[in-house]
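Since the structure comes first, as structure tokens, the remarks are kept for the end.
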């Protein structure tokens with residue numbers, strides 16, 4: 809997809825880990841030809857360390873376009889490698905997940921919503937992802953984490969990655985309570 813031909817989605821089917829698999833996306837596509845479909849979030853490490861089994865995680869049928877790969881991670885090198893590997897599959901957009909509240913992801917994994925507290929890292933991650941793909945890059949985030957939920961704090965979190973090759977940010981209209 810060429811950047812000049814990019815039209816942000818009016819309607820999209822949100823990703824959910826362990827639910828938004830190939831079968832679910834096929835069903836969602838039957839319900840709407842216009843919705844943007846998202847993969848479930850894939851950890852960059854999963855893509856990098858499963859090189860011999862990438863189709864299991866990244867393959868999709870052509871009728872699923874437009875489709876967005878949602879990726880998560882806290883290691884820039886793995887985000888770069890994963891994006892490069894995924895680029896060959898022909899996704900229409902790559903989305904960096906900075907909104908997943910799962911303790912498995914935001915806690916031990918140190919990515920997902922936890923990245924909302926690391927805006928400089930998110931800017932670097934977006935830059936690395938954009939450098940390794942030819943499709944638009946977006947970020948999914950929340951309006952805040954814990955007590956960090958004012959408009960000014962949200963702007964301080966998203967401003968660093970604006971202009972880093974990103975065309976849109978998708979903000980969930982609720983915050984993560986991680987106390």
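Numbering (the working numbering), first residue to last: 809 to 987.
Note that the Cβ used here is the ideal one computed from N, Cα and C, for glycine as well.
At least 7 Å separates the beta-carbon of residue 936 from that of residue 902. In terms of Cβ geometry, residue 905 and residue 948 form a close pair [threshold 7 Å]. Taking residue 876 as reference, the option from 883, 838, 863, 850 with the minimal CA-CA separation is 850. In the three-state scheme derived from DSSP, where H, G and I count as helix and E and B as strand, residue 886 is classed as helix. Distance between residue 855 and residue 821, taken at the CA atoms: about 22 Å. Residue pairing of residue 878 in beta bridges, as defined by DSSP: 903. Burial state of residue 924 is buried, judged by a 10 Å Cβ sphere holding 16 or more other Cβ atoms. Between residue 881 and residue 836, the C-beta spacing is not below 7 Å. Its chain contains 817, 819, 820, 821, 874, 875, 876, 900, 901 as the residues whose beta carbon lies nearer than 8 Å to that of residue 844, once the 5 sequence neighbours on both sides are disregarded; these appear in chain order. When the beta-carbon positions are compared, residue 894 and residue 907 stay at least 7 Å from each other. Of all alpha-carbon atoms in 933, 940, 889, the one lying nearest the alpha-carbon of residue 858 is that of 889.
The C-alpha of residue 909 lies about 11 Å from the C-alpha of residue 918. With fewer than 16 other Cβ atoms inside 10 Å of its own Cβ, residue 864 counts as exposed. Sorting 942, 932, 831 by C-alpha distance to the C-alpha of residue 883 places 932 at the top. Counting along the chain, residue 935 sits inside the alpha helix (DSSP H) bounded by residues 927-939.
Within its own chain, the residues whose Cβ lies closer than 6 Å to the Cβ of residue 940, once the five positions on either side in sequence are excluded, are 888, 891, 892, listed in chain order.
In terms of Cβ geometry, residue 872 and residue 846 do not form a close pair [threshold 7 Å]. With 16 or more other Cβ atoms from the protein chains shown falling within 10 Å of its own Cβ, residue 938 counts as buried.
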